Amino acid sequence: MPKDHGIGASPKRREDIRFLTGAGNYTDDINVNGQAYVHFLRSDVAHGRINAVNTGAAAAMPGVVRIFTGADFEGVGGLPCGWCVTDRHGEPMQEPAHPVLAQGKVRHVGDPIAAVVAETAEQARDAAEAIEVDIEELPAVVDMKAALADGSTKVHDDLTSNLCYDWGFVEENKDAVEQAMQDAAHVTTLELVNNRLIANPMEPRVAIGDYNRATDESTLYTTSQNPHVIRLLMGAFVLGIPEHKLRVIAPDVGGGFGTKIFHYGEEAFCTFAAKAINRPVKWTASRSEAFMSDAHGRDHVTRIELALDKDNNFTAVRTETYANMGAYLSTFAPSVPTWLHGTLMAGNYKTPVVYVNVKAVFTNTVPVDAYRGAGRPEATFQLERVIDKAARELGVDPIALRRQNFITEFPYATPVAVEYDTGDYHGTMDALEKIADLSGFEARRKESEARGKLRGLGVNCYIEACGIAPSNLVGQLGARAGLYESATVRVNATGGLVVMTGSHSHGQGHETSFPQVIAEMIGIDESMVEIVHGDTANTPMGMGTYGSRSLAVGGSAMVRATEKIINKAKKIAAHLMEAAEADIELKDGQFSVAGTDKSVAWGDVTLAAYVPHNYPLEDIEPGLEETAFYDPANFTYPSGAYCCEVELDPETGKVTIERFSAADDFGNIVNPMIVDGQVHGGIGQGIGQALLEGCVYDENGQLLSASYMDYAMPRADDVPFYNVDHSSQTPCTHNPLGVKGCGEAGAIGSPPSVVNAVIDALQSGGHDVTHIDMPVSPGRVWAAMQG
Amino acid sequence: MYEFEFVKPGSVADAVTALGEEDAQVLGGGQTLIPTLKQRLASPGKLVSLAGIAEMQGVSTDDAGRICVGGGTVHADVAANAGGYPALAGLAGNIGDPAVRARGTIGGSLANNDPSACYPAAALASGASIVTNAREIAADDYFQGMFTTALDEGEIITEVKFPVPEAANYQKFEQPASRFALVGVFVAKYADGVRVAVTGASQEGVFRWRAAEAALSADFSADAVPEAPAADGMISDLHGTAAYRAHLVAVLTRRAVAACG
Ligand SMILES: Cc1cc2nc3c(=O)[nH]c(=O)nc-3n(C[C@H](O)[C@H](O)[C@H](O)COP(=O)(O)OP(=O)(O)OC[C@H]3O[C@@H](n4cnc5c(N)ncnc54)[C@H](O)[C@@H]3O)c2cc1C
């Protein structure tokens, strides 16, 4: 029988009541008394020198409060980068300045030149149109390889070139990999593009700055996944506001997918301007603005080689990747193609040597940073595509080739510097083979062929690393932040709990799943637990939500704090029952003395803590509130096996997804329904990347896919019903919950199987097509079929 | 948006008067015009809404058996009420999404003449008459290239009259993002010959594929459809090359003919 409460149950999401009835409180729903509105005048050229910005006429327009330009920010810090990558030669990456408002040059379409603050948003926009800007257009740097050629125009004049870094990993493996390539019985090579994406959360970004002259306190309301990170970065590095004078509130947030991790100039602007004009300042992005100012994702150009011996054992992997940084370094951009990508290049396989080379490149495009999966989808895609290609070249079954090379013993130290604690790759593949009905495929293919369609089946595995940690290690790798998480558990006198977590929920369902864990530990009803998050004023310093870390890291902090609570409560219970502390047991919300029928209820103990009349005041303090910070010993390593079945119309090239099966190992599972939902959403985005989404710039750096007229988001009828299975469970060995993280798996695991299936379909129709770049649009399929 | 005045006259005559003023513009369902205003790409001084003009609403049949659609009729109404011309009703029922079909009008679509819109293909393939407050224009004379028509400034499409064919079918291959027609082909078979109109493909907007018309008029079968037309002059963009669009023209024409039964 499935459980109906606690860990393993699937209660409906309590937050959905407010989300689905319009009762959410999003940043744009917040209006601060007396607020003014800002409109950003953004560059419409990709690259240019700013000769003059004349705001005279605009300043005289109705409603204008003040106009800011780059000059107003000359003494103010630029946006900091949170990760410094060291290159192959031991040198730090090239790190350009990232001004809040452009200074001297504009470097991408959408780069803000000036900001108009006015009484209404429309007046601000009217006045922005009246600003006279004299920009001398410069050649745009768009193509990454051309950007690195000698004599290329430079995005940043003060850097030596457009190369941010040239990273080798593991540099010491380089020669061994070369040797293995030479010794190989077979080498399969694949060149591919991991397409640039725009995250498109349903809620565009919003920021409101508010300043209290009486207390000298600044408050920023913002659409963020990690309010404490914003407070630290903006307070310490940009505006010079100490944290006790700066409060950052990220209320309900309508989806993030990574793009709301980063500290953006608009946040700093609103906080700065509110103080400068002594009025609250609000900014709400339009969708068009989101397209040209939210950090984009992916955008890698890769060549991968897989070496095999005569028995088809993988002997080496070598990759060379060009990773687009865009015009500036977004907060965590440098880490994505390196530590979140290179470390995963061993995949699920016992390949003995791996060498990853990444060249990060500046271009005149919007900055690129983490997007759901961040580096791991790029790693998975190339590896699982090249394995499929190898299987085809060698004429072996792609599943058998994978199984033959699976890692089977754990812990396993990969040649790319990480140690997988647990996993069972045969187990997830077995689970996949069951749910995907592989044996029925041939019949389904015949049925499709009878209708003039081609049918293909594609499989892939994935491994990912969640809950990036521990802090001291990531510090050595260049992170300028810690990666622990925090929780304060406050028990009220009548027994209810409030958990203040540094994790942030923006669709993940923390308000439902976190209470399940605590309720299980104490043996009380989940309704007695409330989750508070998103406000630096009432939560402990935490690192926020990304990288599928919330339950594994934030949940673990919660567990640790709750353990402290239980320990103290046992002392109180022992006192109340006049028993030894060691004899106290807690079960179903009752403290009892082992071997007796004495018991006292949870609520009696919590009341005693706050009304300490009969209480060991000489031994312990009154009250019941504890905080824990949890810094994991390692990443967690979810893994899985996915299968996609497509039908392809050979006349038009249109691909439809007929079946999609996902078998994941997430370790222990707290709320299976929420896990299903996370996987569904992730696969939806993965299918979006594989078939539909593509962010395209022309050679002048103009964004061609600048609206939903040209940027194709997946819709309900683009995706099938999913078969999802998480019965294969190898609990994480180093966190107290044994959980691994499930937020990104779907987006990481699905694109290769989609493309593998398309290639399979084409091959079955006699078309000698070995690769098509994503998005695999009908036009691209048709062009590939023409040879 | 910039500021504008808004009027909602109750008759075509009043609308024409209102449109006589400088900078006045017709507002149909607003599905194209409102986003344009929001992006500040147009700045009419006055919008003259047609939504209150009863005489421009609805679907009827005239004495000649033609399906007559009022210029202010929304797509959802055509989908529901043009059963006498199933291919037309089907086309209307597959434009955009329910919200678009509840607001967008046939007059707005034909006046706009988006090169990827669906109605222009139906009107041209049917040899429809576009009736305005001033005159009646044959479809063959009406479409004059992308976003260009025979309408004069301030002229209002009040009605569109469709001769009903013996058989007809519209095949729309959707552009993945906008779901307008990447290419759409409307085939209509009349007693005096077959007409084939293509939308989405040409830089000149909707056009008649004369080679296919001649072949199909002689032999109305999918096999009779000629090879793909030349790619010269076809649209090439993110979603498909000119060659791909030319290829789709032939594929969709064959499918339309086959679907005519
Ligand atoms: C999300 C979305 C999806 C869509 N998908 C499709 C699709 O798949 N296929 C398709 O064909 N279309 C599609 N459309 C367009 C839609 O069908 C509308 O028909 C079209 O936008 C114009 O009609 P309207 O009534 O909204 O005109 P408006 O936007 O009000 O006006 C458009 C232009 O026509 C003028 N005008 C309006 N009515 C008249 C009239 N009676 N006489 C003279 N001039 C007039 C206006 O002045 C304006 O210049 C889509 C639109 C949206 C927003």
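Going down the list, the protein sequences come from chains A and B. If you count by the numbering used here, then the first sequence holds residues 1 to 787, one letter each, in order. If you count by the numbering used here, then the second sequence holds residues 1001 to 1261, one letter each, in order. We put the CB at the ideal spot given by N, CA and C, even for glycine. Owing to the predicted nature of the structure, the values given are computational and were not obtained by experimental measurement.
- Per the coordinates, the alpha-carbon of F721 of chain A lies some 9 angstroms from the alpha-carbon of E658 of chain A.
- Per DSSP, the continuous alpha helix (DSSP H) segment holding M577 of chain A begins and ends at S556 to M577.
- When A:L648, A:E243, A:P736 and A:G682 are compared, the shortest CA-CA separation from H767 of chain A is found for A:L648.
- Taking the Cα positions, L192 of chain A is about 14 angstroms away from G694 of chain A.
- A direct Cα-Cα distance of roughly 18 angstroms separates H506 of chain A from P11 of chain A.
- Identification of chain B residues near T636 of chain A by a Cβ-Cβ cut-off of 7 angstroms yields none; the smallest Cβ-Cβ distance measures about 36 angstroms.
- Per DSSP, L551 of chain A lies in no beta strand (DSSP E) and is assigned neither H nor E.
- Where G746 of chain A is concerned, the enclosing alpha helix (DSSP H) starts and stops at A745 to S764.
- Residue ranges of uninterrupted alpha helix (DSSP H) with 4 or more members, entirely inside the segment 139-191 of chain A and ordered along the chain, are 144-148 and 174-183.
- Contact between the segment 37-55 of chain A and the segment 125-138 of chain A is present: 3 or more CB-CB pairs across the two stretches fall below 8 angstroms.
- A Cβ-Cβ distance of about 14 angstroms is found for the pair F291 of chain A and Y371 of chain A, leaving them out of contact under the 8 angstroms criterion.
- Within the same chain, Cβ atoms closer than 8 angstroms to the Cβ of A180 of chain A are found at A307, T315, A316, P352 and V353, the five residues on either side in sequence being excluded.
- Shortest Cα-Cα distance from I669 of chain A to any of A:M500, A:P638 and A:L159 involves A:P638.
- Counting only Cβ-Cβ distances below 7 angstroms, A712 of chain A has contacts in chain B at P1176 and A1177, in chain order.
- DSSP places N1081 of chain B in the uninterrupted alpha helix (DSSP H) bounded by H1075 to N1081.
- Between L101 of chain A and G70 of chain A, the beta carbon gap of about 4 angstroms places them in contact (Cβ cut-off 8 angstroms).
- Taking every protein chain shown into account, the CB of Y355 of chain A has 16 or more other CB atoms within 10 angstroms, so this residue is buried.
- Contacts with chain A at 8 angstroms (Cβ-Cβ) do not include Y1190 of chain B.
- By the criterion of at least three beta-carbon pairs nearer than 8 angstroms, the segment 1101-1118 of chain B is in contact with the segment 1073-1080 of chain B.
- Among the CB atoms of chain B, one or more fall inside 8 angstroms of the CB of A783 of chain A.
- Put simply, the CB of F1173 of chain B is near chain A, with a gap under 8 angstroms to one of its CB atoms.
- Minimum Cα-Cα distance from L401 of chain A among the listed residues A:V206, A:F410 and A:I387 corresponds to A:I387.
- The shortest C-alpha to C-alpha distance from S471 of chain A to any of A:T219, A:F406 and A:L483 is the one to A:L483.
- In the three-state reduction of the DSSP assignment, F721 of chain A falls in the coil class.
- For the pair K260 of chain A and P204 of chain A, the CB atoms are not nearer than the 8 angstroms cut-off.
- For L1238 of chain B, the residues of chain A that pass the 7 angstroms Cβ criterion are V696, L704, S705 and D710, in the order they occur in the chain.
- For E625 of chain A, the enclosing beta strand (DSSP E) has its first and last residue at E625 to Y630.
- Taking a cut-off of 8 angstroms on C-beta distances, the segment 331-351 of chain A touches the segment 78-96 of chain A, as three or more cross pairs fall below it.
- With a cutoff of 7 angstroms, V1007 of chain B does not count as near ligand 1, since its C-beta is closer than that to no heavy atom of the ligand.
- Around the beta carbon of K1189 of chain B, 16 or more other beta carbons lie within 10 angstroms, which makes this residue buried.
- Looking only at B:P1035, B:D1063 and B:T1017, the smallest Cα-Cα distance to L1050 of chain B is reached by B:T1017.
- Cα atoms of L1027 of chain B and K1046 of chain B: separation of roughly 9 angstroms, rounded to the nearest angstrom.
- Residue pairing of A323 of chain A in beta bridges, as defined by DSSP: A:H300 and A:A360.
- A distance below 8 angstroms between beta-carbons, with the five flanking residues on each side excluded, links I67 of chain A to the following residues of its chain, in chain order: T55, A58, A59, A114, A115, V116, V117, A127 and I131.
- Annotation: Cβ neighbours of S777 of chain A in chain B (cutoff 7 angstroms, chain order): P1176 and H1239.
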